[in-house]
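Step one of this worksheet: look at the structure below.
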Amino acid sequence: MDPDTRANALGEYLQARRALVSPERVGLPAGTRRRVPGLRREEVALLAGISADYYLRLERGRDDNPSSQVLDALARVLQLDDVETAWLRDLTTPRPRARRARTAERVPERLHHLLAALDVPAFVEGRHFDVLASNDAAVALSPRLVVGENRLRSLLLDPEERSFHRDWEAAVESFVGVARRTLGHDAADPRAVELVGELSLASARFRTLWARHDVRALEGGTVTIDHPRVGPLELHREKLPVGEVVLVIYYPDAHGDSADALRLLTTWDAGTPTSAVDARS
């Protein structure tokens, strides 16, 4: 995220991704004298049909405008999926160098009304994963879903959040991949630089995953939560972009233990102040 190194973003990505591809996966012998993980530069170049010298220039940031054909070949060799290939292409797009002033994110009024109307946990997340608004059911689900909390920081640094997720490692890998895609090459965003720097210092797991350059699409899924009050909850999660913010909704299957447990949880905390209302003041 350092602005001085962003000129070589393409090279950093290529180097990180080739380290994750074993020779066996591309039909090459592993050998016994390898000093680096994954593929060597010359092997990537050979498999992509380009010269080793040209590939070296790409990794060292001496050429940041490869052709579409070269990018396609590199994506094939590095076994990138559609999201990762789109990211590879995006890295060759010029980025603004000027630092932007930090501006407050605003939640549309209609989302405040929607949060209040929903009887399942829901909250609004900003570009940097800050909770901007949430409803009673969200706070009942987790006290960390209150306005001002940062979801990425909580997941990585809060011990209670770690025990909250049945598969914490999968949750972290996915979230860091989304963060890389959202924040990863915008050196003009001081808040992103600040957050990545903080987590890099505080979390060894974040440092490792950030260095892999994994990218993930913003999407929903199903999560299993070990709730300290009602036990296991299997919930579906939807992440719906609304303008510059994201509406996140957790909901169970209509009939089942998780629906009953979630209903009980929200009934217990029915008197808790609504942060979705407080967020507007």
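Numbering (our numbering), first residue to last: 209 to 489. Using N, Cα and C, we set each Cβ at its ideal position, and we do this for glycine too.
Query                                                                                                  : Result
For residue 358: DSSP bridge partner residues                                                          : 338
Exposed unless 16 or more other CB atoms sit within 10 angstroms - verdict on residue 343              : buried
DSSP-derived helix/strand/coil call for residue 402                                                    : helix
Collapsed DSSP secondary structure at residue 163 in the structure displayed                           : Residue 163 falls outside the range modelled here, since the chain spans only 209 to 489, and no answer is possible.
Coil, strand or helix - residue 217 by DSSP                                                            : helix
CA-to-CA distance, residue 280 to residue 444, given in whole angstroms                                : 35 Å
Any 3 or more C-beta pairs closer than 8 Å across the segment 371-389 and the segment 417-426          : yes
Span of the beta strand (DSSP E), counted from its first residue to its last, around residue 444       : 439-450
Residue closest to residue 378, alpha-carbon to alpha-carbon, out of 414, 357, 218 and 401             : 414
Contacting residues, own chain, Cβ-Cβ under 7 Å from residue 219 (five flanking each side not counted) : 266, 267, 268 and 269
Residue range of the unbroken alpha helix (DSSP H) whose run includes residue 455                      : That residue, residue 455, is in no alpha helix (DSSP H); its beta strand (DSSP E) goes 453-459.
One or two residues paired with residue 433 in a DSSP bridge                                           : 373 and 441
Whole-Å CB distance - residue 285 paired with residue 252, under 8 Å assumed                           : 6 Å
DSSP beta-bridge partners of residue 333                                                               : 339 and 454
Under 9 Å between C-beta atoms of residue 341 and residue 329                                          : no
Helix, strand or coil at residue 484 [DSSP, three-state]                                               : Per-residue confidence for residue 484 stands at a pLDDT of 41, beneath the threshold of 50, marking its modelled position as unreliable; the derived number appears in the next sentence. Reduced to three states, the DSSP call for residue 484 is helix.
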